[in-house]
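Contents: one structure, followed by commentary.
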Amino acid sequence: MKLKFRIIGAACVLLAAGGAIFYAMSGQNIQDEAPIFTAGGKTTVKLWYTDEALTDYLTGKAVEYNNMANDTRVEIELASALEYLENIGKASVEGDDFPDVFITTNDTLEKAYLAGLATEISRQDVLSDETYGYSDAALNAVSYKGKYIAYPYYFETSSLLYNKTYLSDYVKESLQAEIDAKEGEEAQAEIDAGNIDTDEGTEVVAEEETTSEPNEAAGESAISEEELDAAINAELPDTIEDILVFADDYNAPEAVESVFKWDVSDIFCNYFFVGNYLNMGGAAGDDISQIDVYNDNTINCMSFYQQLNQFFAIDEDEVSYDKVIQDFIDGKTVFTVAMSDAVAKIEQAKAEGNCSFDYGVTVMPGLNSTYSTRTMSVTDCLVVNGYSEHPQEADDFACFLATEGTDAMYNMSGKMLAHSKVNYANESLNSFVSVYANSVPLPKMIATSNFWVQLEIAFSNIWDGANVNDTLKSLSESVKLQIGGEAVEEERLADPTVIITDTE
């Protein structure tokens, strides 16, 4: 699954200018309350969205809201994702069947705001309310120049998915080997003490000791569930280097083709390698003065990434996210990088009898003891249209949707709410909530909108053996040229020093 970016650029600036001209001619301020159109004595609020998976859920929420004791009637409309913001802007300026609230990804918020399509939300109190527990990632996603201009609605991020059945079997074998070794040492001690007649192969014991209960059969030493779970958790990797050590020691079943495999062609699955050290626009992704792509840390992290190619020979021309997840379902891999949508795919396969493995999700491991990681996230937001003729009613409905308190949205649409107080029945989903809280939201800056395409190309070239230092230096110079309009010559930094530890 590739991360898609809607690039609008100059078109949005033209929309903003068009909106200003429209309202200047009408003599009305963009935030003024216009006469309210009603249906059945109620104010009509229209919501646009682009993901068909939301239809059943949003229909239900609209009915629920319409039945509440309020003066608002909600209508929802599934719109085309093609030129989505442009169409909203055009309809809004022309006053022709436009949405009062719309759902869009957080990376488009600067575009929407500059076009007059986003405005500061009124119920900012819910964002700091512990009832919902919005993380910094969620708040940064909807923050622009110090203002909250949308409600965080649902999110997507990636983390480490593992085959729990394989780890359980591995741990059982390891624990049993330890038990057998200990019993062997104890038996040898008995021999050395003269308690066992090695010639006859019998044990010399006092008569009264022969009445005790028989021991368990050889090889069936009990391992409690608590011991097993603790051992599995202890085996989960803290670093990617731990996965390499595991791979070297693991006696893999015949079905396993790779211990660790992920989609190296997708920036969403790769970003964690540099996520903790690459800065695009500061925490909120809206500050053009904070651009730091080329530094010692990113150089060493990308060198680490390149070296993994010799351990996990993944062909970027052949790999895809869907295939990686299917391979995991089929038991061909032990670890992979996956998004939260993988949970539903696995559960469906299990329900259909096409997956016999247990699985789990854990935080993304660091690279090694020196370099940590952070994943990327995208947050879909509820935006109150700045052109709405009844902004308060629109804001109230957006807030109503954002503060859903159950897992109904996930059960009906597969989307995970951006606040952290939903108790999902599947523990793997709760793990994604924790990972999202520490993630890096997609930046909002129009000037760097194509950076992610360039970064994905840089990852691809580095995976294939390109010089890490030269590639990142060129990438940094390119993005700064794009921002400032003038060529920049970066001072060349030291070549990478990180070397993956030999696991043999």
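So the sequence shown is numbered by our numbering: it starts at 1 and just counts up by one. Idealized CB from N, CA, C, for every residue including glycine.
Cross-strand partners of residue i (DSSP beta bridge)
| i | result |
| --- | --- |
| residue 377 | 157 and 441 |
| residue 104 | 381 |
| residue 224 | Note: residue 224 sits in no beta bridge, so no partner. |
| residue 539 | Only positions 1 to 504 of the chain appear in this structure, which leaves residue 539 out of reach. |
| residue 260 | 335 |
| residue 131 | BP columns for residue 131 are empty, so no partner. |
| residue 47 | 76 and 101 |
| residue 359 | 163 |
Secondary structure of residue i, DSSP reduced to three states
| i | result |
| --- | --- |
| residue 353 | coil |
| residue 152 | strand |
| residue 494 | coil |
| residue 70 | coil |
| residue 113 | helix |
| residue 364 | coil |
| residue 406 | coil |
| residue 236 | coil |
| residue 163 | strand |
| residue 305 | helix |
| residue 80 | coil |
| residue 75 | strand |
| residue 145 | coil |
| residue 422 | coil |
| residue 126 | helix |
| residue 250 | coil |
| residue 415 | coil |
| residue 500 | coil |
| residue 170 | helix |
| residue 60 | helix |
| residue 326 | helix |
| residue 231 | helix |
| residue 274 | coil |
| residue 489 | coil |
| residue 468 | helix |
| residue 450 | coil |
| residue 65 | helix |
Same chain, Cβ closer than 6 angstroms to residue i, neighbours up to 5 away in sequence not counted
| i | result |
| --- | --- |
| residue 257 | 332 |
| residue 358 | 164 and 165 |
| residue 49 | 103 |
| residue 349 | 329 and 355 |
| residue 412 | 56 and 57 |
| residue 407 | 422 and 424 |
| residue 371 | 301 |
| residue 223 | 175 |
| residue 54 | 413 |
Exposure of residue i, with buried meaning 16 or more beta-carbon neighbours within 10 Å
| i | result |
| --- | --- |
| residue 157 | buried |
| residue 213 | Legend: pLDDT at residue 213 = 45, less than 50; position of this residue unreliable, no value from coordinates given. |
| residue 310 | exposed |
| residue 302 | buried |
| residue 195 | exposed |
| residue 121 | buried |
| residue 285 | buried |
| residue 325 | buried |
| residue 261 | buried |
| residue 227 | exposed |
| residue 369 | exposed |
| residue 465 | exposed |
| residue 444 | buried |
| residue 281 | buried |
| residue 352 | exposed |
8 angstroms CB neighbourhood of residue i in its chain, flanking five on each side removed
| i | result |
| --- | --- |
| residue 65 | 72, 74, 397 and 400 |
| residue 52 | 78 |
The ligand MG heavy atom lying under 7 angstroms from the CB of residue i
| i | result |
| --- | --- |
| residue 393 | In the structure on display, the ligand MG does not appear, and there are no ligands present to speak of. |
Cβ shell of residue i (< 7 angstroms), same chain only, five flanking positions each side left out
| i | result |
| --- | --- |
| residue 495 | 469 |
| residue 118 | 109, 112, 149, 150, 383 and 386 |
| residue 403 | 126 and 132 |
| residue 46 | 75, 77, 99 and 100 |
| residue 435 | 157, 159, 363, 364 and 375 |
| residue 342 | 161 and 325 |
| residue 488 | 477, 480 and 481 |
For the structure I just gave you, are there three or more beta carbon pairs, one from the segment 242-261 and one from the segment 370-378, closer than 8 angstroms?
no
Do the segment 41-49 and the segment 68-76 touch if we need at least three Cβ pairs shorter than 8 angstroms?
yes
Is it true that the segment 481-499 meets the segment 443-452, where meeting means three or more beta-carbon pairs spaced less than 8 angstroms apart?
Yes, they touch.
Under 8 angstroms: do the segment 110-127 and the segment 138-153 share three or more Cβ pairs, one atom per stretch?
yes
Do three or more CB pairs link the segment 93-112 to the segment 385-395 at distances below 8 angstroms?
yes
Closer than 8 angstroms is the cut-off here; do at least three beta carbon pairs connect the segment 263-282 with the segment 291-308?
yes
Using 8 angstroms as the threshold, is the segment 261-274 in touch with the segment 456-476, meaning 3 or more CB pairs across them?
yes
Does the segment 167-176 touch the segment 225-242, meaning 3 or more C-beta pairs lie closer than 8 angstroms?
yes
Is the segment 425-443 touching the segment 82-91 in the sense that three or more CB pairs, one from each, lie closer than 8 angstroms?
no
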